[in-house]
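Numbering (mature numbering (1 follows the signal peptide of the UniProt record, and there is no 0)), first residue to last: -21 to -1, 1 to 123. Virtual Cβ for every residue (Gly too), placed ideally from N, Cα, C. Since the structure is predicted, the reported quantities are computational estimates derived from the model, not experimental observations. Worksheet: the structure to be examined is printed underneath.
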């Protein structure tokens, strides 16, 4: 009986192994790039609405923001950093840019730059979760 169950279990594992080992299809780089550009465009619109910039402020703010984004991206994609060092470097970049943002849009709104980025990322995660789990309530996570 044990041999029969063991054989059945082994046969099941052997049959399921190829299905579990299959790698999901790679996304076409052009499609991925277009998707990332669309997300970036939505993020810029989201932040712009949150900050309510005048035209003069926007002319000074956006080049500075893109410079900040480029530096932050360099930290995030640096594979030589462990997670704690990466997080510390990200905080350092934000600390360096806060006074510059303050000089352009004032202290109150410059604090909302980072909060708006966070809120946008949370919204993006929530929408992705709802897309892959239709009907699930956003606050609940399974498997934890």
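Boundaries of the alpha helix (DSSP H) harbouring residue 21: 8 to 30, taken from the DSSP string.
The three-state reading of DSSP puts residue 53 in helix, counting H, G and I together.
Within the same chain, 65, 69 come within 8 Å of residue 55 by CB-CB distance, once the 5 residues on both sides are set aside. Across the structure, residue 57 and residue 112 are spaced so that their CA atoms are roughly 32 Å apart. Looking at 14, 59, 21, 6, the one whose alpha-carbon comes closest to that of residue 98 is 21. Your pair residue 50 and residue 72 checks out as a contact, with CB atoms roughly 5 Å apart and the cut at 8 Å. Where residue 79 is concerned, the enclosing alpha helix (DSSP H) starts and stops at 62 to 84. Burial is judged here by how many other beta carbons sit within 10 angstroms of a residue's own beta carbon; residue 30 has at least 16 and is buried. Contact between the stretch 5 to 23 and the stretch 76 to 87 is absent: fewer than 3 CB-CB pairs across the two stretches fall below 8 Å. Here residue 92 has 80 as same chain residues with Cβ atoms under 6 Å from its own Cβ, once five neighbours each way along the sequence are excluded. Taking 8 Å as the cut-off, the beta carbon of residue 104 is found no closer than this to the beta carbon of residue 32.
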